[in-house]
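In the working numbering, the protein residues as written are 2 to 739. The beta-carbon is built from N, C-alpha and C at its ideal position, and this holds for glycine as well. A short write-up of the structure that comes next.
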């Protein structure tokens, strides 16, 4: 049904009501007022006739009058186009004023239109409604909308959405008009009219082909609606709906952004912006870009996601035309991992960037799956939304793997191959290659991502279709999965994919089957995930024999590599880590190894953007000072941590600290997997030092916002720790970082 047909239907209803009004004697103290969709002059085949019978209280036979209007409608005495049902209310002006506290009532009355009757009575109504609405009911509206969105989900992403109630649907168009009528901010109404007309066309067609006045666009109706609208198929229809919904949702976000900015402008309690990184800050509870640089966009996205804050729309507009270097520098790759790793907080940041066109600028391949529906009853969301949801679920599993960066990126792209007749796993494993190269992953990491995407369904399908007691089943996995690292990544991806798909695809029973399969494969698999100790070069061995502090600093791929040799002593590792923190270095990776009486260390660090790079001599002196007065060093670090501005954060999985059994090692191996935080390695090293334990080697790495640190520790005498002492060390570390 076209716009003209909807208006014609409304006009015919007007004429019928006028006829009934005249037949009832045209009582003077009454006005028939169209509200809601009828008030806007647009009636769809399944619409209700929304009618307010407004009266001044003077009509003696009011009930008879109301019945004379409603019975002919109920008895279908009017034109064929007349709505099947009428949603009516009978009120005085006073009654209406009292009802305006209900946000639904006032929204319907904002579209009030006089059909016939007392003009002055109608004018009084309009005056009361406008007066009540302009007293700033927008916060009530926002709360109501948030509740509805929570209940009905996103029109752009659901596979069977409610066209009227879902986020980005018809009710949100009405909400945008209501925001404009508040005169607090301006809204572009012309664009809304077009969007509404296109969405109403879909709704009208749905009512027509289904024979029902329901607004839920079910699978079985989608092809019929597509045909009725002259579209190629259901996929084209749902892509069309998603595009409209995303545009509406983006306009809503812009509207609320303008509203919030206006309120802040007139606030006497405006907070001072807080800097949280190079060229980015927090201003009024959102991330803002303060100045442009080539990599600021991803940095801002990572901060927004990790702090659980929205990124400002103005900032999205600033970076939407920026090109990232190719390949991405390490810092951008790590910022992407931190961005994805924000869990549920990542979603709104991703959507804001996506609406602004930033995501497709960074990742052009995303356009092929954007708003792509899935003709699969097990799935709840479009392909792009499902992949984002999978990454959100994967963020809760980062403690279960040794390469959280590969898990998060693999989760985000695991279905990138969908959209053609080709097997999506095979196609996706090919598509990830140029993406991963551009992001800056090594060849071995790219191979792992290819493996994850190609085989992301392997564990689930095997666990549910094969006999786990059959040795051939276990061997079939061993033939495909090369080692423990690939197995743990594949297991975590299977869980994240299943949880994001929904309970129909991932039950407790299925999760147990997959876990059982993985445990059986682990038992049959050889190898270990323990990070090996640092191998020393001949030159490092020579330097170690000098038994003096030696420092060498060089730039490496946008970071700095710090080579350090120092006489070994209990607590040396924590002292160096703490000193680097005070020198405003952010430690991204570290490898240390004790040789004879010296410790050989390699640190990969980033310098605080507002700090001056210290010289090798200054670094050496700072470490010497720390060794001479460890108490003062600790006090300075604790003071620095306390000085950080209090910022929000997102929920993260708790740290994992475990003893790794390795009979081949003469040291006790302790592995820590945790969220990165200021002075993390200093805290870990200090916890070990307090127990008078010697750290023989450390392999530390930070991947995005996740840290994985492996310690090889011994008694000061060089012996392996007893089980009791090892347990004590684990408890001490956990207490220091939890």
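#1: What is the rounded straight-line gap between the Cα of residue 1 and the Cα of residue 455?
#2: So what does DSSP say about residue 663, is it helix, strand or coil?
#3: Look up residue 600 in the DSSP assignment and say whether it is helix, strand or coil.
#4: Any idea which residues DSSP pairs residue 556 with across the strands?
#5: For residue 38, which of 175, 130 and 85 has the nearest alpha-carbon?
#6: Residue 324 CB to nearest chain D CB: under 7 Å?
#7: In this structure, does DSSP put residue 592 in helix, strand or coil?
#8: Could you tell me the boundaries of the beta strand (DSSP E) in which residue 34 lies?
#9: Just checking my contact of residue 342 with residue 396 at CB under 8 Å: how many whole Å lie between their CB atoms?
#10: Can you tell me whether DSSP reads residue 713 as helix, strand or coil?
#11: Identify every run of the alpha helix (DSSP H) within the stretch 105-166, keeping only runs that are complete inside it and at least 4 residues long; order them along the chain.
#12: Measuring CB atoms only, is the stretch 413-420 touching the stretch 666-678, in the sense that at least three cross pairs come out at less than 8 Å?
#13: If you reduce the DSSP assignment to three classes, tell me which class residue 625 lands in.
#14: Report buried or exposed for residue 351, applying the criterion of at least 16 other Cβ atoms within 10 angstroms of its Cβ.
#15: Assuming residue 675 is part of the beta strand (DSSP E), what are its boundary residues?
#16: Excluding the five sequence neighbours on either side, which residues of its own chain have a C-beta within less than 6 Å of the C-beta of residue 339, listed in chain order?
#17: Excluding the five sequence neighbours on either side, which residues of its own chain have a C-beta within less than 6 Å of the C-beta of residue 279, listed in chain order?
#18: What are the start and end residues of each continuous beta strand (DSSP E) run of 3 or more residues lying completely inside the stretch 516-558, in chain order?
#19: Counting Cβ pairs closer than 8 Å, one from the stretch 706-723 and one from the stretch 688-697, do we hit at least three?
#20: Would you mind sorting residue 580 into buried or exposed? The rule is 16 or more other CB atoms within 10 Å of its CB.
#21: Beta-carbon within less than 7 Å of residue 125's beta-carbon, same chain only, minus the 5 sequence neighbours each way: which residues are those?
#22: If you follow the beta strand (DSSP E) that residue 52 is part of, which residue opens it and which one closes it?
#23: Could you give the distance in angstroms between the alpha-carbon of residue 487 and the alpha-carbon of residue 106?
#24: Using only the alpha-carbon positions, how far apart do residue 446 and residue 165 sit?
#25: Using alpha carbons as the reference points, say which of 47, 29 and 53 lies closest to residue 40.
#26: Is residue 57 closer than 7 Å to residue 30 when the C-beta atoms are compared?
#27: Please state whether DSSP places residue 80 in a helix, a strand or coil.
#28: Which runs of the alpha helix (DSSP H) fall wholly inside the stretch 455-499 and span at least 4 residues, in chain order?
#29: Is the stretch 84-91 in contact with the stretch 15-26, if contact means three or more CB pairs nearer than 8 Å?
#30: Is the CB-CB distance between residue 320 and residue 359 below 7 Å?
#31: Within 10 angstroms of the Cβ of residue 326, are there 16 or more other Cβ atoms? Answer buried if so, exposed if not.
#32: Just mark residue 542 as buried or exposed, buried being the case when its beta carbon has 16 or more other beta carbons within 10 Å.
#33: Does the beta-carbon distance from residue 686 to residue 586 come in below 7 Å?
#34: On the DSSP letters alone, give me the boundaries of the alpha helix (DSSP H) that residue 175 sits inside.
#35: Alpha carbon to alpha carbon, how far is residue 562 from residue 595?
#36: According to DSSP, is residue 425 helix, strand or coil?
In terms of the structure at hand:
#1: Here the chain covers residues 2 to 739 and nothing more, so residue 1 does not appear.
#2: By one-based count along the chain shown, residue 663 stands at place 662. Coil at residue 663, not helix or strand.
#3: For the purposes of this step, residue 600 is taken as residue 599 along the chain shown, with counting starting at 1. Correct three-state label for residue 600: strand.
#4: Within the chain shown, the letter at position 555 stands for residue 556. Answer is 561, bridged to residue 556.
#5: Against the chain shown, residue 38 aligns to sequence position 37. It is 175.
#6: Absent from the structure is chain D; it holds one protein chain and no more.
#7: Taking the first residue of the chain shown as 1, we reach residue 592 at position 591. Looking at residue 592 - three-state DSSP - the assignment turns out to be strand.
#8: As a position in the chain shown, residue 34 is number 33, starting the count at 1. Note, residue 34: beta strand (DSSP E), 31-35.
#9: In the chain shown, residue 342 corresponds to position 341, counting from 1. In the chain shown, residue 396 corresponds to position 395, counting from 1. With 8 Å as the limit, residue 342 and residue 396 qualify as a contact, their Cβ atoms being about 5 Å apart.
#10: Reading the chain shown from its first residue, position 712 is the one you call residue 713. Of the three classes helix, strand and coil, the one that applies to residue 713 here is strand, per DSSP.
#11: 120-134 and 139-153
#12: no
#13: For this step, residue 625 is matched to residue 624 along the chain shown. Helix, per DSSP.
#14: Residue numbering aside, residue 351 sits at position 350 when the chain shown is read from its first letter. Looking at its Cβ environment, which holds 16 or more other Cβ atoms inside 10 Å, residue 351 is buried.
#15: Taking the first residue of the chain shown as 1, we reach residue 675 at position 674. Where residue 675 is concerned, the enclosing beta strand (DSSP E) stretches over 669-676.
#16: For the purposes of this step, residue 339 is identified with residue 338 of the chain shown, where counting begins at 1. Only 303, 307, 705 and 706 meet the Cβ criterion.
#17: Residue mapping note: residue 279 aligns to position 278 of the chain shown, counting from 1. So the list reads 610, once near-sequence residues are dropped.
#18: 551-557
#19: yes
#20: Taking the first residue of the chain shown as position 1, residue 580 is located at position 579. Under this definition residue 580 is a buried residue.
#21: By one-based count along the chain shown, residue 125 stands at place 124. Answer for residue 125: 94, listed in chain order.
#22: As a position in the chain shown, residue 52 is number 51, starting the count at 1. From DSSP, the beta strand (DSSP E) with residue 52 extends over 50-56.
#23: For the purposes of this step, residue 487 is taken as the residue at position 486 of the chain shown. For the purposes of this step, residue 106 is taken as the residue at position 105 of the chain shown. Distance between the alpha carbons of residue 487 and residue 106 is about 57 Å.
#24: Here residue 446 refers to the residue found at position 445 of the chain shown. Here residue 165 refers to the residue found at position 164 of the chain shown. Residue 446 and residue 165: Cα-Cα distance of roughly 45 Å.
#25: The residue labelled residue 40 in the question sits at position 39 within the chain shown. Residue 53 is the option with its Cα nearest to residue 40.
#26: Position 29 of the chain shown, counted from the start, is the residue given in the question as residue 30. Position 56 of the chain shown, counted from the start, is the residue given in the question as residue 57. Cβ distance < 7 Å, so residue 30 and residue 57 count as in contact.
#27: Counted from its first residue, the chain shown places residue 80 at position 79. Residue 80 falls in the coil class under three-state DSSP.
#28: 459-466 and 472-479
#29: no
#30: On the chain shown, residue 320 is found 319 positions in, with the first residue counted as 1. On the chain shown, residue 359 is found 358 positions in, with the first residue counted as 1. Yes; because the gap between Cβ atoms is below 7 Å, this pair is in contact.
#31: The residue given as residue 326 occupies position 325 in the chain shown. The residue in question, residue 326, is exposed, as its Cβ has fewer than 16 Cβ neighbours within 10 Å.
#32: Numbered from its first residue, the chain shown carries residue 542 at position 541. Exposed, since its Cβ has fewer than 16 Cβ neighbours within 10 Å.
#33: Within the chain shown, numbered from 1, the residue matching residue 686 stands at position 685. Within the chain shown, numbered from 1, the residue matching residue 586 stands at position 585. The answer is no: Cβ separation not under 7 Å.
#34: Residue numbering aside, residue 175 sits at position 174 when the chain shown is read from its first letter. From DSSP, the alpha helix (DSSP H) with residue 175 extends over 171-182.
#35: Locating residue 562 in the chain shown gives position 561, where the first residue counts as 1. Locating residue 595 in the chain shown gives position 594, where the first residue counts as 1. Rounded to the nearest angstrom, the two C-alpha atoms are 19 Å apart.
#36: For the purposes of this step, residue 425 is taken as residue 424 along the chain shown, with counting starting at 1. If DSSP states are grouped into helix, strand and coil, residue 425 belongs with the helices.
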